Each structure stands twice: as C-alpha cells, then as structure tokens.
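Here's the structure, in structure tokens; my notes come after.
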Amino acid sequence: MKILICGGAGYIGSHIAKAAADAGHQITIVDNLVTGHQESIAGFEFHQGDIGDLAFMESVLKVNSYDLVMHFCAFSLVGESVKDPASYYQNNVAQTLNLLQTMKQTGHKRLVFSSTAAVYGNPEQQAINENHPKNPINPYGRGKWMVEQILLDYAQAYGMDSVCLRYFNAAGADPSASIGEKHNPETHLIPNILKSVASGGELTLNVFGTDYQTPDGSCVRDYIHVNDLASAHLLAGEYLQSNSGYHAFNLGIGKGFSVLEVIKAAEAVTGQKIEYKPCDRRPGDPPVLVADSTLAQNTLGWQPAYTDIESIIKTAWPWHKNSEAFKPQ
Ligand SMILES: NC(=O)c1ccc[n+]([C@@H]2O[C@H](COP(=O)([O-])OP(=O)(O)OC[C@H]3O[C@@H](n4cnc5c(N)ncnc54)[C@H](O)[C@@H]3O)[C@@H](O)[C@H]2O)c1
C-alpha cells in the first residue's frame with residue numbers, strides 16, 4: 002500500500018512507519034513536529050506542516066494517490082486537556098475536520114484513526130469491549146469520541162471508510178533501539194520508571210495512588226507493545242481494502258498490570274532497585290482499565306506478540322538507556 006502517515010514523527014507513528022516500511026509498504030509522513038522528532042523518521046519522505054492547513058494538505062494529497070491515510074496527530078495529555086480544552090478541541094477535532102475535507106476533495110477515502118480507551122470513561126465492567134458505554138470524562142477523551150462520531154457520519158454520507166483503533170496504554174520500543182518513546186513532559190509510567198533508573202535515582206518516580214481497591218493498592222493498566230499496535234494498523238488498512246463503513250476496535254493485551262508490578266518487572270529487566278514516592282491519586286484515574294480485544298482478534302486476525310510486561314520493558318530499556326532524553330538535565 003501507499004500510506005500517508007499523519008503524525009508519523011511521534012512515538013506511535015514513527016514505529017508504525019518503520020514497521021510498515023519493513024513490511025514493504027511505501028510511506029510518506031506529514032507532521033508539524035509540535036511534539037514529534039524528525040530524527041525518528043530519518044530516511045522517510047517527509048512533509049513538515051499542519052494537517053489543519055488546507056493548502057498544505059491539498060498539495061500533499063494531490064501529488065500522490067494514497068491507498069490509506071493513518072492519522073496519529075493529537076495533543077494527548079489528559080490533565081492539560083482539562084486546563085486548556087480550546088487547544089485540544091482545536092487540534093484534535095477542528096484540524097481533523099480540515100484533514101477530512103482535503104481527503105474528501107482529493108478522493109482519499111480510507112482512514113485509520115488513533116482513538117483511545119479514554120472514550121469509555123470510568124469502566125463499568127472489568128474487561129472493556131467496544132459496546133461499553135462511551136462516557137469520556139475529559140476534553141481529550143471527548144474530542145476523540147467526537148472524531149469517531151464524525152467518521153461514522155462521513156462513512157454514511159460520503160463513503161469515507163474508517164477504522165478507529167482504541168489503544169489502551171501504548172508501551173515499549175522497536176527492538177532495534179533506533180526509536181522509542183519520547184514525550185515532553187513524559188506522563189507515561191514505563192518511560193518515567195526507566196528515566197529514573199537511567200538517572201541513577203536522581204529523578205523521582207511518583208506513584209499516583211496506593212490506596213485503590215486493587216490487589217496491591219496501585220492502578221492497574223493494560224499495556225500494549227507499540228509494534229503490536231503497528232501490526233494492528235496494517236491489518237486495519239488491509240481490512241479497509243475490502244470492507245466499507247466505520248469500524249472501531251479495542252487494542253490491548255487483555256491483561257492488567259499494577260504500577261507496582263510494572264516497577265518490579267523493570268527492576269528485573271534493569272537489574273536495579275527502583276525507589277518510588279507514593280503520591281495522592283490523580284483525579285480521573287480509574288483503578289483498573291483492561292481491554293477486551295476479542296473483536297480485533299476475530300475480525301482483523303490480529304494477535305499481540307508481547308503478552309507480558311517484562312518482555313515489553315525489555316524492548317524499551319536499551320533505547321532509554323542510550324537516549325539523551327533520559328539523562329538528567
Ligand atoms: N501513547 C499512548 O499510550 C496513546 C494511547 C491512546 C491513544 N493515543 C493516541 O495515539 C496518537 C499518537 O500518540 P503518541 O503517543 O505517538 O503521541 P506523539 O505526541 O508522540 O505523536 C503525535 C504526533 O502528531 C504530530 N501532530 C500533532 N498535531 C499535529 C497537527 N495538527 N498537524 C501535524 N502534526 C501534528 C506531533 O508533532 C507528533 O509527531 C495520538 O492521537 C494519541 O492521542 C496514544
């Protein structure tokens with residue numbers, strides 16, 4: 002496939018670009034580098050610009066006819082979305098509308114969209130499937146759910162077919178250690194643990210909430226390896242070659258690991274004792290979030306290759322150990 006990856010310089014997009022190129026697909030990347038890194042996409046055809054810039058996107062989409070557009074562009078800090086909803090709705094919803102407009106104008110009709118478990122809000126059941134009520138509890142989740150609903154309407158009205166992939170917690174790095182997770186600020190657990198280890202304990206590791214109704218009191222999450230996200234995106238792209246309409250799938254491994262279990266696994270991988278600071282709960286953090294990804298497995302034929310937390314951390318550690326981003330300032 003000829004694939005246009007919007008947001009391809011980010012953490013997940015750059016891994017998918019690499020996996021898709023390794024699988025023989027032809028890749029072009031668009032990114033405004035607001036949170037992405039150009040060094041993560043060395044060697045790829047790259048156009049720097051904003052997906053909301055109609056003239057820029059029209060120029061990119063006119064030159065080539067892509068079999069598929071993948072859309073990873075978003076701001077994705079939940080807390081920030083509560084403090085500054087305008088930026089989140091502008092970037093995540095309005096700019097997406099512009100992208101859809103230029104796709105429509107240039108005859109591009111297939112999209113894979115990065116959605117999130119945040120569309121569900123507080124879980125009403127242990128393993129969340131796609132039928133779980135959509136009650137997002139912050140502007141980030143609400144914006145993603147708005148885009149999903151827009152995509153449903155666009156499929157019905159304009160025949161623009163889409164797959165929305167609702168990721169749980171993306172984690173890990175490409176085993177080549179050439180790319181990895183680098184957000185600023187970093188709010189994700191595994192990079193923060195490894196950052197603390199790489200700093201020799203100089204950087205404090207905060208654990209938010211140790212009094213939840215979970216076996217060890219810390220939050221439980223479903224961690225999915227970024228290369229398993231990549232295989233799901235490629236299968237979703239193939240699925241759209243022969244299936245029309247709007248589709249949504251959860252992506253997780255179906256198992257939860259507590260924060261303290263993740264720390265223990267990181268100790269085993271790094272061979273170092275990891276100290277942490279127990280902190281208050283963060284508002285809006287549910288105790289347990291675990292995916293039921295049966296639908297993706299049965300419909301797309303997807304299977305995650307990484308199903309335990311230690312093997313995920315093992316891929317992340319070599320990259321973090323060597324990354325400038327993880328050295329103390
Ligand atoms: N990381 C996770 O655990 C997770 C979980 C669920 C969903 N998601 C979603 O997956 C997607 C990718 O997440 P990530 O962790 O790789 O984030 P990231 O910030 O590393 O990547 C996003 C990329 O999009 C680019 N971008 C943002 N707005 C843009 C715009 N208007 N025009 C052009 N480029 C733009 C950024 O520069 C960046 O390269 C996001 O949509 C995020 O909401 C991530």
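Counted the way our numbering counts, the sequence shown spans residues 2 to 330.
Backbone N, C-alpha and C fix where the C-beta goes; we use that ideal spot for every residue, glycine too.
Being a predicted model, the structure only gives us computed values, none of them experimental.
Selection from the options that minimises the alpha carbon distance to residue i
i: A331; options: M58, G218, M2, V227; result: The requested residue 331 does not occur in the structure, where the chain is confined to residues 2 to 330.
i: H248; options: G8, I225, H234, E268; result: H234
i: G214; options: V289, L152, V148; result: Looking at the sequence provided, one finds Gln at residue 214 rather than Gly. Comparing Cα positions, the closest option is V289.
i: L204; options: Y277, D281, A158; result: Y277
i: I42; options: Y141, S177, G9, G272; result: G9
i: I138; options: T308, A306, L112, G285; result: G285
i: K256; options: D223, Q27, L241; result: D223
i: G1; options: G44, C74, E81, F258; result: Because residue 1 is not part of the residues shown, which for the chain are 2 to 330, the question remains open.
i: A306; options: P319, N299, I225; result: I225
i: H189; options: N323, G202, F169; result: F169
i: V198; options: W318, I13, I4, Q27; result: W318
i: A158; options: T295, K105, V70, L236; result: K105
i: M71; options: L78, V94, L100, L55; result: L100
i: G201; options: E46, Q273, Q91; result: Q273
i: V221; options: A20, D212, G37, E40; result: D212
Contact belief for residue i with residue j at Cβ below 8 Å, rounded distance in angstroms
i: S163; j: A156; result: 6 Å
i: H48; j: V31; result: 5 Å
i: F209; j: R283; result: 5 Å
i: R167; j: L301; result: With 8 Å as the limit, R167 and L301 do not qualify as a contact, their Cβ atoms being about 13 Å apart.
Proximity test, residue i beta-carbon vs ligand 1 heavy atom, cut-off 7 Å
i: A10; result: yes
i: A24; result: no
i: Y67; result: no
i: I28; result: no
i: V61; result: no
i: G210; result: no
i: A292; result: no
i: H184; result: yes
i: L34; result: yes
Distance cut-off 7 Å: residue i Cβ against heavy atoms of ligand 2
i: Y89; result: With respect to small molecules bound, the structure shown includes ligand 1 and not ligand 2.
Continuous alpha helix (DSSP H) assignments of at least 4 residues falling wholly in the segment 5–78:
Counting only runs of 4 or more, we get 12–23, 55–64.
Ranges of the alpha helix (DSSP H) found wholly within the segment 262–326, counting only runs of at least 4:
295–301, 310–323
Write down every uninterrupted run of the beta strand (DSSP E) in the segment 184–248 whose length is 3 residues or greater and which is fully enclosed by it, in chain order.
207–209, 224–226
In the segment 138–190, which residue ranges form an unbroken beta strand (DSSP E) of at least 3 residues, counting only runs that do not cross its ends?
162–168, 170–172
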